[in-house]
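Trainee: According to my numbering, the residues represented by the sequence shown are 113 to 518, in order.
The beta carbon of each residue, even a glycine, is placed where N, CA and C say it ideally should be.
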Amino acid sequence: MTRDDPPQPQPSPGDPLRWLLNASHLLAPDALATAVAAAARTVGAQETVLYLADYERRTLLPVPGSGVPERQEIAIEGTLAGRAFRRFEIVRGRAGEDTHRLWLPLLDGVERLGVAEFSFRDPPNDSVRDELRALVSLAAELIVVNDAYSDVFARLRRRKTLSLAAELQWDLLPPLTFGTERLVITGGLEPAYDIGGDSFDYAVTGDRADLLVIDSVGHGLPAAVLAAVAIGTYRHARRNGLDLPDIAVEIDAAIATQFGESSFATAVLARLDLATGRLRWINAGHPQPLILRGSSLVQPPPCPPSRPLGLQEGRPACCEMRLQPGDRLLLYTDGITEARSPDGEFFGERRLADFISAAVAAGEAAPETVRRLIRHVLSHQADQLQDDASIVVLEWRTGDERTMQL
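1. What residues are listed by DSSP as bridge partners for R434?
2. Nearest by alpha-carbon distance to Q370: which of D306, V341, D455, W393 is it?
3. Taking a contact to mean a Cβ-Cβ separation below 9 Å, would you say D322 touches R350 in this structure?
4. Between the beta-carbon of A379 and the beta-carbon of L324, is there less than 9 Å?
5. Rounding to the nearest angstrom, what Cα-Cα distance links F197 and N395 in this structure?
6. If you draw a straight line from the alpha carbon of R347 to that of P235, how long is it in whole angstroms?
7. Buried or exposed for T388, please, with buried defined as at least 16 other CB atoms from any protein chain shown within 10 angstroms of its CB.
8. Between the alpha carbons of S469 and D259, how many angstroms are there, rounded?
9. According to DSSP, A465 sits in a beta bridge with which residue or residues?
10. From the DSSP output, which residues share a beta bridge with P217?
11. Looking at C-alpha atoms only, which residue of F458, V329, L485 is the closest neighbour of F467?
12. Looking at the structure shown, is L274 part of a helix, part of a strand, or coil, going by DSSP?
13. Excluding the 5 residues preceding and the 5 following P141 in the sequence, name in chain order all residues of the same chain whose CB lies nearer than 6 Å to its CB.
14. Report the start-end ranges of each beta strand (DSSP E) in the segment 148-191 that is 3 residues or longer and not cut off at the edges.
15. H212 by DSSP, collapsed to three states: which one?
16. Answer with buried or exposed for T146, where buried requires no fewer than 16 other C-beta atoms within 10 angstroms of its C-beta.
17. For R509, count neighbouring C-beta atoms within 10 Å of its own C-beta (all shown protein chains included) and say buried if the count is 16 or more, exposed if not.
18. From this set, L506, Q498, Q496, which residue's C-alpha is nearest V482's C-alpha?
19. Cutting at 6 Å between CB atoms, please list the residues of its own chain near R115, excluding the five before and the five after it.
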């Protein structure tokens with residue numbers, strides 16, 4: 113250890129979870145992996161490594177630390193570590209004749225941050241696995257908390273340089289996934305390292321879920337700045353208790369005032385009553401929402417879109433319908449459906465609906481469905497994006513769906 117290395121925390125005898133929680137108050141962010149490994153040793157783990165998913169959610173990247181064994185990055189597809197990440201489950205695997213290994217997903221609520229690897233000399237029993245679940249849950253929470261005032265984890269997660277526009281957009285985003293027993297909201301966007309004008313936001317307050325998906329005109333930093341103003345205005349109006357049409361009026365005025373007549377954004381603003389399933393939305397020049405009911409695509413009632421935000425003429429009208437328990441609401445930008453294959457074929461609404469339906473039939477959790485969908489859209493274009501692409505899926509849950517908890 114050099115003089116510049118952070119001191120290695122050492123757990124005292126007793127509850128490792130309580131020790132880590134107490135130690136966290138004065139724990140430097142770059143010492144977190146070391147502290148988690150020290151806590152895991154008290155329940156018999158010989159080696160402990162935390163991994164975080166990169167921005168594209170293709171790769172798991174090891175978090176370094178004093179006393180933490182060196183590891184290579186791990187692909188999310190086709191690996192045991194990736195299986196724990198994809199399926200929200202504990203995965204067992206043997207590392208050698210004298211070592212037993214466990215992979216656990218790192219979850220902040222139901223938001224997947226990465227995985228944790230634990231190696232044991234003997235197979236861990238149920239009591240040890242319970243300790244590890246609690247330890248990993250606390251570790252995930254500490255990563256999120258530390259990420260707010262340190263660049264340690266943000267720098268680790270990037271496999272290449274983010275554009276300035278992408279840096280701005282990622283800092284604006286809410287967690288990619290939020291879930292309760294009553295709903296799940298999950299989103300995805302590409303190109304992860306160069307996203308410009310596409311973005312989304314949501315909030316869940318009491319019996320109400322609010323969502324916004326937005327596509328700003330143009331590319332790069334100008335589009336990202338316009339999206340930032342639109343989302344900031346959306347949050348301001350929403351938190352002031354305004355109704356959807358009035359929120360749209362506020363965003364429209366902000367864009368028109370700050371950017372002039374040549375700038376605008378298409379968007380869908382939606383509000384769901386979780387007690388009744390009443391869905392209201394405003395379509396500001398954007399692709400129509402899609403509703404999946406089981407494996408069937410349900411078309412919303414006819415509702416002409418209003419003009420894009422920044423170009424509106426008066427207060428926009430609201431569309432309305434009732435969701436049924438188990439329905440999935442899809443809000444997306446045209447970079448999804450208008451993605452073109454090398455021979456010119458659009459990805460299209462039908463392919464989008466079929467992909468989600470197949471994942472639902474297979475029992476796949478919504479966050480993994482969206483992650484795979486983004487990969488599928490990229491593959492359809494031979495990994496050559498013509499436009500930003502983003503999507504948000506909301507599940508209004510019945511309580512019978514596959515849980516995403518360990």
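Mentor: Let me spell this out:
1. What you label residue 434 is simply residue 322 of the sequence shown in a count that begins at 1. Answer is R390, bridged to R434.
2. Numbered from its first residue, the sequence shown carries residue 370 at position 258. Of D306, V341, D455, W393, the residue nearest in Cα terms is V341.
3. Taking the first residue of the sequence shown as 1, we reach residue 322 at position 210. Taking the first residue of the sequence shown as 1, we reach residue 350 at position 238. Result yes, Cβ atoms of D322 and R350 sit closer than 9 Å.
4. By 1-based counting over the sequence shown, the position of residue 379 is 267. By 1-based counting over the sequence shown, the position of residue 324 is 212. A Cβ-Cβ contact shorter than 9 Å links A379 with L324.
5. Counted from its first residue, the sequence shown places residue 197 at position 85. Counted from its first residue, the sequence shown places residue 395 at position 283. Distance between the alpha carbons of F197 and N395 is about 35 Å.
6. What you label residue 347 is simply residue 235 of the sequence shown in a count that begins at 1. What you label residue 235 is simply residue 123 of the sequence shown in a count that begins at 1. Roughly 49 Å separates the two Cα atoms.
7. Within the sequence shown, the letter at position 276 stands for residue 388. Exposed, because fewer than 16 other Cβ atoms sit within 10 Å of the Cβ of T388.
8. Position 357 of the sequence shown, counted from the first residue, corresponds to residue 469. Position 147 of the sequence shown, counted from the first residue, corresponds to residue 259. Taking the straight line joining both Cα atoms gives about 35 Å.
9. The count along the sequence shown starts at 1 and reaches residue 465 at position 353. Per the DSSP secondary-structure output, A465 pairs with nothing in a beta bridge.
10. What you label residue 217 is simply residue 105 of the sequence shown in a count that begins at 1. The bridge partners DSSP lists for P217 are V227.
11. Against the sequence shown, residue 467 aligns to sequence position 355. Looking only at F458, V329, L485, the smallest Cα-Cα distance to F467 is reached by L485.
12. Stepping through the sequence shown from its first residue, residue 274 is reached at position 162. DSSP places L274 in coil when its eight states are reduced to three.
13. Taking the first residue of the sequence shown as 1, we reach residue 141 at position 29. Taking P141 as the centre and dropping the five residues before and after it, the same chain places the C-beta of N258, S262, V264 closer than 6 Å to its C-beta, in chain order.
14. The beta strand (DSSP E) runs lying completely inside the segment 148-191 and spanning 3 residues or more are 159-165, 171-174, given in chain order.
15. Numbered from its first residue, the sequence shown carries residue 212 at position 100. DSSP places H212 in strand when its eight states are reduced to three.
16. Along the sequence shown, read from residue 1 onward, the residue named residue 146 stands at position 34. By the neighbour-count rule (16 or more Cβ atoms within 10 Å), T146 is buried.
17. By 1-based counting over the sequence shown, the position of residue 509 is 397. When all chains shown are included, R509 counts as buried.
18. Working through the sequence shown from its first residue, we reach residue 482 at position 370. Ranking L506, Q498, Q496 by Cα distance to V482 puts L506 first.
19. Taking the sequence shown and counting its residues from 1, the one referred to as residue 115 is at position 3. Caution is warranted here: a pLDDT of 44 is assigned to R115, below 50, making its placement in the model unreliable, and the coordinate value is therefore given only provisionally. Annotation for R115: no residue places its beta carbon closer than 6 Å to its own, counting only its chain and skipping 5 residues before and after.
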